[in-house]
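Asks: Using our numbering, the first residue of the sequence shown is number 224, and each one after it goes up by one. Note that beta-carbon positions come from the ideal geometry of N, C-alpha and C, so glycine has one too.
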Amino acid sequence: MTVTHGRPRTADITDILVAHCGLDADAAARAPAASLEELGMDSLALLELQAVVADRWQVQIPEQAAQLSIPAVAELVARQTVPPDEPVPPRQRAAPEPPDGPDAAGEQGPGHTENGIVIAAPLSLVWDVTNDVARWPQLFTEYAAAEILRRDGDTVLFRLTMVPDENGVSWSWVSERTADPVTRTVRAHRVETGPFEFMRLRWYYTSEPEGTRLTWVQDFAMKPTAPIDTPAMVDRINANSKVQLAVIRERIERIAASGTSGGTDE
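#1: Exposed or buried, what is H335 when buried is set at 16 or more other beta-carbons lying within 10 Å of its beta-carbon?
#2: Hey, would you say A248 sits closer than 8 angstroms to T237, going by beta carbons?
#3: What are the residues that DSSP puts in a beta bridge with D442?
#4: Going along the chain, which residues of its own chain have a beta-carbon closer than 7 angstroms to the beta-carbon of P312, five neighbours each way excluded?
#5: Assign T483 to one of three DSSP states: helix, strand, or coil.
#6: Among the candidates I471, G417, A462, whose CA atom is the shortest distance from the CA of P447?
#7: Any contact between the stretch 438 to 452 and the stretch 388 to 402? By contact I mean 3 or more CB pairs, one from each, below 8 angstroms.
#8: Would L299 and I284 be called neighbours here (beta carbons separated by less than 8 angstroms)?
#9: Excluding the five sequence neighbours on either side, which residues of its own chain have a C-beta within less than 8 angstroms of the C-beta of A367, listed in chain order?
#10: Between E370 and F381, how many whole angstroms is the CB-CB distance? I'm expecting something under 8 angstroms.
#11: Using the DSSP secondary-structure output, state which residues sit across from R373 in a beta bridge.
#12: Whose C-alpha, out of R279, V379, T378, A344, is nearest the C-alpha of E433?
#13: According to DSSP, is V414 part of a helix, a strand, or is it coil?
#14: Run the proximity test for T353: is its beta-carbon closer than 7 angstroms to any non-hydrogen atom belonging to the ligand ATP?
#15: Under three-state DSSP, which class holds D403?
#16: State buried or exposed for Q290, treating a residue as buried only when at least 16 other CB atoms are found within 10 Å of its CB.
#17: Name the DSSP bridge partner or partners of M264?
#18: Are the CB atoms of R423 and D442 nearer to each other than 8 angstroms?
#19: Applying the 10 Å Cβ sphere with the 16-neighbour rule, what's the burial state of D375?
#20: For the putative contact between W426 and T406, defined by C-beta atoms under 8 angstroms, what is the C-beta separation to the nearest angstrom?
#21: Excluding sequence positions up to five away, which residues of its chain have a Cβ less than 8 angstroms from the Cβ of L468?
#22: Consult DSSP for E431 and reduce its assignment to one of helix, strand or coil.
#23: Can you tell me whether E389 is buried or exposed? The criterion is at least 16 other CB atoms within 10 Å of its CB, across all chains shown.
#24: Are the beta-carbon atoms belonging to V349 and T483 less than 8 angstroms from one another?
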């Protein structure tokens, strides 16, 4: 058994698969020799595992890992881990910059989306409610949980977990965002990039006669091994953003009408 600092690496890999990829821990315990594929881990789940392992230990897992058992993956990771075997704290990692050049994100180039909506509410209220990350599960319909991992001034590191998809899988990842209350802008990026080469987001808040315009801008590129390409993800993000912005507008306007505040995640 591979053990690092008193903790079996197999347990680490199992925890990642449960938290990020929707692994049934009981099923894995009943069949320790089963391959990831036999445990129901699809290509997207493998991408998430690859991303988290690379982020935590700077180790690359091959695509063929789907044919390996969890202990075999753990042994593979342990062999490649360079001591001291400690994760690099997120604050020491720079946000990934979008690649330069027309071919840096593949022949298709990076993806770009921009979606916005006008909310009949004061800018201060829209700002407070939408930057209350801990309460995003009550604001968005797609998030089941939002866990604050660290705060540093106006910067917050947090983990999002999505509502289970049609296959019962809950995707999860870590992001970091910095809110600027002076310019009323937010910049964010995914720390655990998953199927993305990079994902960077900007939110803009502007006052208009009808209320507050909230605009989301996303720039990203998909990894070559991702199950969908960049143009397909552009379509998916555009469609989902329209749905979520409409939900957010309804919920904030309801708060504005009731005269209550949205609360903060402090």
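Replies: In short, the structure shows the following:
#1: Translated into positions along the sequence shown, residue 335 becomes position 112. With fewer than 16 Cβ atoms within 10 Å of its Cβ, H335 is classed as exposed.
#2: Within the sequence shown, numbered from 1, the residue matching residue 248 stands at position 25. Within the sequence shown, numbered from 1, the residue matching residue 237 stands at position 14. Closer than 8 angstroms, so yes.
#3: Translated into the one-based positions of the sequence shown, residue 442 becomes position 219. H335, R423.
#4: Along the sequence shown, one-based indexing puts residue 312 at 89. With a pLDDT of only 40 at P312, under the threshold of 50, the placement of this residue in the model should not be trusted; the figure read from the coordinates follows. There are no such residues.
#5: Counting from one through the sequence shown, the residue named residue 483 turns up at place 260. Of the three classes helix, strand and coil, the one that applies to T483 here is coil, per DSSP.
#6: Numbered from 1 along the sequence shown, position 224 holds the residue referred to as residue 447. Out of I471, G417, A462, G417 has the C-alpha closest to the C-alpha of P447.
#7: no
#8: By one-based count along the sequence shown, residue 299 stands at place 76. By one-based count along the sequence shown, residue 284 stands at place 61. Yes, they are a contact pair.
#9: Your numbering for residue 367 matches position 144 in the sequence shown. These residues qualify, in order along the chain: P360, T384, M385, V386, P387, S393.
#10: In the sequence shown, the residue the question calls residue 370 occupies position 147. In the sequence shown, the residue the question calls residue 381 occupies position 158. Contact between E370 and F381 is confirmed by a C-beta separation of about 6 angstroms, below the 8 angstroms threshold.
#11: As a position in the sequence shown, residue 373 is number 150, starting the count at 1. Per DSSP, L380.
#12: Locating residue 433 in the sequence shown gives position 210, where the first residue counts as 1. Per the Cα distances, A344.
#13: Start at 1 with the first residue of the sequence shown, and residue 414 comes out as number 191. Reduced to three states, the DSSP call for V414 is coil.
#14: The model depicted lacks the ligand ATP and carries no ligand whatsoever.
#15: Numbered from its first residue, the sequence shown carries residue 403 at position 180. Strand, per DSSP.
#16: Locating residue 290 in the sequence shown gives position 67, where the first residue counts as 1. Per the 10 Å Cβ criterion, exposed.
#17: Position 41 of the sequence shown, counted from the first residue, corresponds to residue 264. BP columns for M264 are empty, so no partner.
#18: In the sequence shown, the residue the question calls residue 423 occupies position 200. In the sequence shown, the residue the question calls residue 442 occupies position 219. Taking 8 angstroms as the Cβ cut-off, R423 and D442 qualify as a contacting pair.
#19: Position 152 of the sequence shown holds residue 375. Answer is exposed; the Cβ neighbour count stays below 16.
#20: As a first step, residue 426 is located in the sequence shown; it is residue number 203 there, counting from the start. As a first step, residue 406 is located in the sequence shown; it is residue number 183 there, counting from the start. With 8 angstroms as the limit, W426 and T406 do not qualify as a contact, their Cβ atoms being about 11 angstroms apart.
#21: Here residue 468 corresponds to residue number 245 of the sequence shown, with the count starting at 1. Here the set comprises N338, G339, I340, L437, W439.
#22: What you label residue 431 is simply residue 208 of the sequence shown in a count that begins at 1. Strand.
#23: The count along the sequence shown starts at 1 and reaches residue 389 at position 166. Exposed is the call here.
#24: By 1-based counting over the sequence shown, the position of residue 349 is 126. By 1-based counting over the sequence shown, the position of residue 483 is 260. No, Cβ-Cβ distance for V349 and T483 is not below 8 angstroms.
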